[in-house]
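Protein sequence lines correspond, in order, to chains F and W. Heads up: the first sequence is residues 6 to 402, going by the numbering used here. Heads up: the second sequence is residues 6 to 402, going by the numbering used here. Report on one structure; see the data block that follows.
Protein chains: 2
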Amino acid sequence: MFLTEFTMKINENYVLQKNYIFTEISKKMLDFKAKYPTRKIYNLGIGDVTRPMDKRLVDKIKKALDEQIHSRTFKGYPPETGYDFLKTAIAKKYALRGIKLDLDEIFISNGAGCDVTNILNLFSDVTAVIANPTYPAYLDSNNLRGNNCILLPLTKKNQYKMLPNTLSENQNYLIYICSPNNPTGATLNYDDLLSWVNFANRTKSIILFDNAYESFIEDKSPKSIFEVKNAKYCAIEISSFSKSAGFTNLRCSYTIIPKTLTRQNIKINKMWLRHQCTFFNGVPYHIQKGAFFTLTDEGQRICQKNINYYKKNLKILKNCLKKNNFEFLSSNNSPYVWVKIPISKSSWEYFDFLLYTYGIVCVPGSGFGESGEGYIRLSAFAKRCDIISATKLLPWV
Amino acid sequence: MFLTEFTMKINENYVLQKNYIFTEISKKMLDFKAKYPTRKIYNLGIGDVTRPMDKRLVDKIKKALDEQIHSRTFKGYPPETGYDFLKTAIAKKYALRGIKLDLDEIFISNGAGCDVTNILNLFSDVTAVIANPTYPAYLDSNNLRGNNCILLPLTKKNQYKMLPNTLSENQNYLIYICSPNNPTGATLNYDDLLSWVNFANRTKSIILFDNAYESFIEDKSPKSIFEVKNAKYCAIEISSFSKSAGFTNLRCSYTIIPKTLTRQNIKINKMWLRHQCTFFNGVPYHIQKGAFFTLTDEGQRICQKNINYYKKNLKILKNCLKKNNFEFLSSNNSPYVWVKIPISKSSWEYFDFLLYTYGIVCVPGSGFGESGEGYIRLSAFAKRCDIISATKLLPWV
């Protein structure tokens with residue numbers, strides 16, 4: 006074979022990259038099931054909702070689908086950035102928090118995970134700032150592009166809070182903030198977020214604020230980065246109906262890019278519009294109608310009922326862990342419990358131990374980053390019966 | 006402000022890029038409607054299906070949605086590469102054409118447009134080979150990444166066929182083949198495709214084969230690149246339910262990457278799996294159930310009925326154009342007619358002329374590339390009444 010300067014190559018970052026953690030866990034679960042087909046599994050590792058959808062919500066979606074049967078109401082390609090009826094409802098939700106959004110600052114998408122990874126297309130020479138541990142797709146997507154990454158450890162010493170004080174002010178960054186954090190549940194308060202916003206505005210950095218778990222927040226922590234003064238000059242917010250409304254299967258999310266966010270005199274909003282019109286074809290009408298319904302008063306009551314169920318799971322889980330002297334982070338703002346492994350085992354060793362000894366599935370902390378070593382993530386999204394069965398098997402040593 | 010070697014920059018390719026052509030057309034239509042709110046518009050520019058969905062198909066989708074109401078059948082995150090029931094049906098469709106596919110060679114996605122653009126993430130130092138004119142997203146997505154592009158003009162002289170004979174054998178390429186071509190309708194036959202496959206295997210190039218319009222093919226042209234000998238060593242196929250089953254709003258497509266396609270000893274299939282697990286979260290269950298139904302015998306009859314309707318539109322349109330001595334490409338394998346502008350006007354000038362004189366919307370040929378200048382694309386996806394009204398206004402000069 007030839008080799009010239011015009012030779013297309015594969016992106017070698019893909020070769021170096023390990024498997025996605027949840028793919029790895031599924032594989033281990035399948036292996037276990039194959040070996041022990043009759044043994045029960047209690048899945049407390051799940052980062053996915055498990056409550057069935059309310060019939061009223063499904064009926065709304067079905068009604069919207071019926072419009073596809075008639076020539077007069079049939080819809081083809083959805084608008085790339087979403088239907089105005091949904092954007093209007095989202096803008097109204099934000100207005101109630103004192104945040105004014107224009108409709109063209111809201112981009113409806115098919116998943117927060119898609120947007121938070123694809124947005125890298127807009128930038129070059131990125132230095133990403135990422136909490137350690139956190140949601141693996143931030144680091145993975147940057148690694149797959151060969152970007153420079155700074156991992157900020159979240160430890161007991163810093164109360165599991167990521168803050169800008171260790172970063173140089175002589176460069177700019179793409180800063181990933183997940184608050185409440187997945188997996189630790191640690192939530193940044195107003196002052197924490199203000200220090201990030203001020204830092205980003207000073208250094209011309211951009212904050213990617215992932216508030217996937219905002220509907221679990223119980224205290225006064227901001228649910229949106231745009232509650233923070235001057236955030237509209239430096240932040241992008243990535244939100245989802247997945248966890249708040251049980252939409253993980255239906256796929257609907259939204260990203261907010263204020264028109265006031267410019268870099269090198271270019272509006273990032275306009276760049277993303279161009280991106281979505283080329284790389285994306287919109288979200289189905291009936292799904293957006295469903296998402297719209299979840300923002301009505303009736304829909305909000307339905308969502309809250311589900312969240313209350315998961316919150317009760319969380320309470321049961323924490324009470325039992327406490328009784329058994331487990332050390333864990335006590336945030337009530339998230340569906341997850343970040344648990345210190347009580348015996349001398351690594352995260353993956355303890356994962357295997359829990360699975361093969363008790364049939365309990367967790368997520369090994371090291372899957373969220375090196376600083377997660379020595380921890381596991383347990384999830385209140387598990388089924389109530391699984392939580393009760395698993396906690397009966399405590400102390401898991 | 007500082008400037009260091011670690012400064013994140015915006016991707017300036019986005020700044021240089023013009024608006025997406027269909028965004029531009031929508032804008033012009035809105036301007037027209039604002040000026041002349043009472044005038045009729047006959048939209049023959051539409052690249053989108055317009056026929057309502059069959060009630061039987063919608064009922065299947067609704068039935069699948071009902072599973073979300075019950076704890077026992079509720080589904081969370083869909084598998085990133087799709088449910089096996091749909092992959093199995095697709096594999097069966099290919100088996101009937103003599104093509105053997107493993108299920109993990111099929112990736113279900115939410116749009117052919119998404120896959121054909123995002124796949125660029127897997128490669129570096131790309132030289133893209135793109136027909137001119139063709140579907141604008143191929144060129145746009147490469148421009149937005151700053152890739153090198155070679156545009157191969159499709160002209161009357163080469164029968165609007167893109168062939169490899171003018172390309173150097175001393176490098177490799179990412180080759181975009183849309184057959185039947187959008188917008189010209191020109192279709193590559195077995196020998197044409199074999200010459201591409203042989204060229205790609207010789208030069209270690211990769212073919213991206215977009216067969217969005219395969220269900221319109223009437224002659225013996227291959228409907229899949231994998232009908233061609235040795236294509237499984239050099240080709241990726243990007244397929245969709247959009248045009249065959251009227252799914253443009255519902256969003257479902259699939260991409261086939263044979264495990265035999267390797268470059269630098271790496272399976273491209275494995276790279277795409279890694280990509281989809283990080284950048285994508287799958288297609289909803291009920292949508293995949295709908296797509297599955299369209300592949301059953303009953304579903305296929307429903308799809309064919311819609312295609313026949315559009316084919317009849319095509320016939321009416323072509324007969325009228327012929328009577329009025331228009332020059333156009335006579336392929337019956339596509340829903341589009343590629344029409345030479347009969348008067349001395351550029352594509353965009355003729356677009357404005359048709360809109361403001363007759364209320365007719367077309368797509369200016371130059372929107373598909375420079376070689377499309379002097380042409381317009383008319384679409385059989387238009388409503389029958391629009392086609393009849395518009396053709397009554399001929400000769401459009």
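In this text, a Cβ means the ideal position worked out from N, Cα and C, and glycines have one as well.
Beta-carbon neighbours of residue i, restricted to chain W and to distances below 7 Å
i: A142 (chain F); result: T283
i: T28 (chain F); result: C282
Neighbour-count burial assignment, residue i, 16 or more Cβ in a 10 Å radius
i: P102 (chain W); result: For the sequence presented, residue 102 (chain W) should be read as Arg rather than Pro. Exposed.
i: C257 (chain W); result: buried
i: E403 (chain F); result: Chain F is shown from 6 up to 402; residue 403 (chain F) falls before or after that span and cannot be answered.
i: Q309 (chain F); result: exposed
i: M6 (chain F); result: With a pLDDT of 47 at M6 (chain F), under the threshold of 50, the modelled position of that residue is not reliable, and the figure given next carries that caveat. Exposed.
i: R382 (chain F); result: buried
i: C390 (chain W); result: exposed
i: G190 (chain F); result: buried
i: Y41 (chain F); result: exposed
i: Y259 (chain W); result: buried
i: L8 (chain F); result: Any reading at L8 (chain F) must be qualified, since the residue scores a pLDDT of 49, below 50, and its modelled position is unreliable; the value itself is stated next. Per the 10 Å Cβ criterion, exposed.
i: I1 (chain F); result: This structure does not reach residue 1 (chain F), given that chain F is present from 6 up to 402, and the question cannot be answered.
i: L198 (chain W); result: buried
i: G151 (chain F); result: exposed
i: S4 (chain W); result: This structure gives no information on residue 4 (chain W), because the portion of chain W shown stretches from 6 to 402.
i: E219 (chain W); result: buried
i: R44 (chain F); result: exposed
i: K32 (chain F); result: exposed
i: T253 (chain W); result: buried
i: N270 (chain F); result: exposed
Cβ pair residue i, residue j closer than 8 Å
i: V342 (chain F); j: G81 (chain W); result: no
i: G295 (chain W); j: L106 (chain W); result: no
i: I51 (chain W); j: S351 (chain W); result: no
i: V288 (chain F); j: N115 (chain F); result: yes
i: Q293 (chain F); j: Y140 (chain F); result: no
i: I262 (chain W); j: F112 (chain W); result: yes
i: I230 (chain W); j: F214 (chain W); result: yes
i: F284 (chain F); j: I15 (chain W); result: no
i: K98 (chain W); j: L108 (chain W); result: no
i: L255 (chain F); j: I66 (chain W); result: no
i: L149 (chain W); j: Y290 (chain W); result: no
i: F386 (chain F); j: P347 (chain F); result: no
i: L21 (chain F); j: G374 (chain F); result: no
i: I74 (chain W); j: M58 (chain F); result: yes
i: I182 (chain F); j: L193 (chain F); result: yes
i: K237 (chain F); j: T267 (chain F); result: no
i: I180 (chain W); j: C154 (chain W); result: no
Under 9 Å by beta carbon: chain F residues contacting residue i
i: D215 (chain W); result: The premise fails here: D215 (chain W) is roughly 14 Å from chain F at the closest Cβ pair, so nothing lies under 9 Å.
i: F128 (chain W); result: M13, K14, I15, N16
Under 8 Å from the C-beta of residue i: neighbouring residues of chain F
i: N123 (chain W); result: N123, F284
i: C367 (chain W); result: Ordered by position in chain F, no residue passes the 8 Å Cβ test against C367 (chain W), which lies about 17 Å from the chain.
Cross-chain neighbours of residue i in chain W, by beta carbon under 9 Å
i: I271 (chain F); result: I15, E17, Y19, V20
i: S76 (chain F); result: T55, R56, P57, K388
i: M276 (chain F); result: I15, N16, Y19, V20
i: P83 (chain F); result: T253, N254, R256
Interface partners of residue i on chain W, CB under 8 Å
i: I66 (chain F); result: L70
i: V131 (chain F); result: M13
i: C119 (chain F); result: F284, F285, N286
Endpoints, the beta strand (DSSP E) within which residue i is located
i: A133 (chain F); result: 132-137
i: A240 (chain W); result: 240-245
i: N153 (chain W); result: 153-158
Contacts of residue i in chain F (Cβ-Cβ under 7 Å)
i: L49 (chain W); result: Within chain F, no residue comes near L49 (chain W); the closest Cβ sits about 15 Å away, beyond 7 Å.
i: V63 (chain W); result: L70, D71, Q73, I74
i: L255 (chain W); result: P289
8 Å Cβ cut-off: residues of chain C touching residue i
i: D145 (chain W); result: Here the protein chains are F and W, and chain C is not one of them.
Residue interval of the alpha helix (DSSP H) (run including residue i)
i: Y363 (chain W); result: 352-363
i: W343 (chain W); result: W343 (chain W) -> not in any alpha helix (DSSP H); beta strand (DSSP E) instead, spanning 341-345.
i: Y99 (chain W); result: 89-100
i: T299 (chain W); result: 290-299
- Query: For the segment 154-173 of chain W against the segment 347-365 of chain W, are there 3 or more C-beta pairs whose distance is under 8 Å?
  - Reply: no
- Query: Do the segment 359-370 of chain F and the segment 388-402 of chain F touch if we need at least three Cβ pairs shorter than 8 Å?
  - Reply: yes
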